[in-house]
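> Supplied in C-alpha cells, the structure appears directly below.
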Amino acid sequence: MNARPFDARSPAPTTIEEARFAHESEEEFARLLDFYGVRWQYEPRTFPLQRSDDGRILEAFSPDFYLVDLDLYIELTTLRQGLVTDKHRKLRRMRELYPNVEVKLLYRRDYVSLLTKYGIGAVNEQEQMSVSEVLYSASEIERRIGELGSAIAHHYQGRELLLVGVLKGVTCFMADLMRHVALPVSIDFMTISSYDGDRTGAVRVVQDLSENIAARHVLVVEDIVDTGMTLNHLLRQLRAREPASLAVCALLDKRARRLVDLPLDYVGFEIPDEFVVGYGLDYRQRFRNLPFIATLRPEGSARGPGTDSP
Ligand code: IMP
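Numbering-wise, the numbering used here comes out as the position in the sequence shown, counting from 1, plus 46.
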C-alpha cells in the first residue's frame with residue numbers, strides 16, 4: 047500500500063498507464079476490472095485513523111482501489127500473516143470511524159483464485175486437478191431445480207417468459223430448469239468472452255441473442271455468480287434493450303466472494319468459497335459432463351486450486 051498524502055489534490059489515477067502500482071498483483075487486478083468495465087481509482091483517498099491532541103494524523107489507511115460505480119473500496123493483501131493482522135486492525139478501526147464507507151479486503155488466495163478461475167496464472171499447467179468432494183449429487187440438484195421451476199412458474203403465471211442463458215456453463219441447468227417451468231417459455235443463449243489475462247481486452251459479446259427482448263419478460267439463467275462482474279456487465283447490456291422485466295436465476299451463489307452486489311431473484315444453492323466443477327461447470331473446459339457438482343483441487347492437495355494462506 048502506497049499511501050497518498052492526506053491532502054493530495056491531484057486526481058487519483060484511473061488507468062493502468064497513469065497508476066504507479068506498488069505491486070504486480072494490483073496491476074493484474076486493475077486489468078481484470080478494466081476487462082469487465084468496472085471503473086476504478088487507485089488509492090484515491092487516505093482515511094485518518096488516529097490523531098494527536100493537536101490534530102496531526104498519527105495513523106491512516108489508504109485502500110488500494112475505489113470502485114466508482116459500486117462505491118466500494120478494495121484493499122488487496124498479498125502479505126504474510128503478521129502484516130495481515132495489522133491490516134485487520136486498521137480495517138476494524140476504519141469501519142468504526144467511517145461506518146458508511148464500504149471497504150473489502152481481498153486476500154492473496156481470493157486474488158489467486160480469481161485468476162485461476164480464468165485458467166491463468168495461479169496453477170501450474172502440468173498440475174493435475176481432480177474432483178475432491180461432491181457438494182451436490184444429481185438427485186439433490188434435480189430436487190432443487192424442481193423447486194426453482196415451481197417458484198418461477200408461480201411468479202410468471204399468465205405471462206410469456208424468455209429464459210436467457212450464458213454459455214457454456216449453463217447448458218445442463220438450462221436444459222433441466224426449462225422442463226420444470228410449467229409455462230409457455232422460449233429460450234435463447236449468449237456467449238460472452240471471459241478474462242484471459244490479456245493486457246488490452248474488454249468483455250465482449252461473442253455470440254448475441256437471436257431474439258429481440260424489448261418489452262418481454264426476461265429471466266437470465268446463470269450457472270454461478272462469483273464476483274458478480276460477468277452478470278453485472280450482462281445485465282447492463284440487457285437492460286439497455288428495454289425488456290418488460292429482467293430477473294436472474296442462478297444455480298450457485300458464491301456469495302462470500304461478491305464484489306458487485308446484485309439482487310439474485312432465484313438461487314439454487316449458496317456455496318462456500320471453493321472452486322467447483324460438474325453439471326456444466328468447467329475447469330479449462332473439462333469436467334462439464336459430471337452429473338454432480340464437486341469441488342476441484344490439485345491432486346494430492348487438501349486445498350482449493352491456487353489457494354494460498356493469506
Ligand atoms: P463472476 O464474474 O466472478 O461472477 O464469474 C462468473 C463466471 O465465472 C461463471 O459464469 C463461471 O463461468 C465462472 N466461475 C466462477 N466460479 C466458478 C467455479 O467455481 N467453477 C467454475 N466456473 C466458475
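For each residue, glycine too, the CB sits at the ideal point set by N, CA and C. Note that the structure is a prediction, hence the values are computed from the model and not measured.
Check whether the stretch 232-241 touches the stretch 249-256, taking contact to mean three or more Cβ pairs, one atom from each stretch, closer than 8 Å.
Segments in contact, yes.
> When you compare only the Cα positions, how much space is there between R189 and E64?
Those two C-alpha atoms are separated by around 52 Å.
> Is the stretch 305-320 touching the stretch 260-280 in the sense that three or more CB pairs, one from each, lie closer than 8 Å?
Verdict: yes, contact present.
> If you run the structure through DSSP and keep just helix, strand and coil, what is T60?
In the structure shown, T60 sits in coil (DSSP, three-state: anything other than H, G, I, E or B).
> Hey, is the stretch 79-88 in contact with the stretch 111-125, meaning 3+ C-beta pairs nearer than 8 Å?
Contact holds: three or more Cβ-Cβ distances are below 8 Å.
> Note the first and the last residue of the continuous alpha helix (DSSP H) segment covering D272.
Here D272 belongs to no alpha helix (DSSP H), and DSSP marks it neither H nor E.
> Which partner residues does G324 have in the DSSP bridge list?
DSSP, once it has assigned bridges, lists L327 as partnering G324.
> Mind checking which residues open and close the alpha helix (DSSP H) that includes G192?
Taken as a continuous stretch (DSSP letters only), the alpha helix (DSSP H) holding G192 covers 184-201.
> For the alpha helix (DSSP H) containing A76, name the first residue and the last one.
Its alpha helix (DSSP H) spans residues 70-81.
> For a test of your reading of the model: does the CB of M220 fall under 7 Å from any non-hydrogen atom of the ligand IMP? Yes or no.
Not so, every heavy atom of the ligand IMP lies at least 7 Å from the Cβ.
> So, I259 versus L284, is the Cβ gap smaller than 8 Å?
Yes, Cβ-Cβ distance for I259 and L284 is below 8 Å.
> Between the alpha carbons of S32 and L229, how many angstroms are there, rounded?
For residue 32 there is no data in the structure shown, the boundaries of the chain being 47 and 356.
> Just to confirm, does K150 get its C-beta within under 7 Å of one of the non-hydrogen atoms of the ligand IMP?
No, the beta carbon of K150 sits no closer than 7 Å to any heavy atom of the ligand IMP.
> Could you check whether the Cβ of F321 sits closer than 7 Å to any heavy atom belonging to the ligand IMP?
Correct: F321 has its Cβ closer than 7 Å to the ligand IMP.
> Report the residue from S108, P94, I62 whose alpha carbon sits nearest the alpha carbon of R102.
Minimum Cα distance to R102 is reached at P94.
> Could you tell me if N170 is buried or exposed, where buried requires 16 or more neighbouring beta carbons within 10 angstroms of its beta carbon?
Because N170 sits at a pLDDT of 48, beneath the cut-off of 50, its placement in the model cannot be relied upon, and the point is left open.
> Short check: CB of L298 to CB of I317, under 8 Å?
Contact: yes.
> Grab me the residues of G192's own chain with a C-beta within less than 6 Å of its C-beta, minus the 5 sequence neighbours each way, in chain order.
Hits under 6 Å: H226.
> Pull up the distance between the alpha-carbon of V177 and that of E320, whole angstroms please.
Taking the straight line joining both Cα atoms gives about 12 Å.
> If you reduce the DSSP assignment to three classes, tell me which class I120 lands in.
It is a strand residue.
> Would DSSP call L280 helix, strand or coil?
Three-state result, L280: helix.
> Quick check on the DSSP output: the beta strand (DSSP E) that includes L223 runs from which residue to which?
Taken as a continuous stretch (DSSP letters only), L223 belongs to no beta strand (DSSP E), being part of the alpha helix (DSSP H) at 217-224.
> Going by DSSP, name the residue or residues bridged to A293.
In the DSSP output, where bridge partners are listed per residue, A293 has L265.
> Can you round the beta-carbon distance between F315 and G324 to whole angstroms, since I take them to be within the 8 Å contact cut?
Contact flag wrong, Cβ pair sits at about 13 Å.
> When you compare the CB of D269 with every CB in chain B, is at least one pair closer than 8 Å?
In the displayed structure, chain B is absent; only one protein chain is listed.
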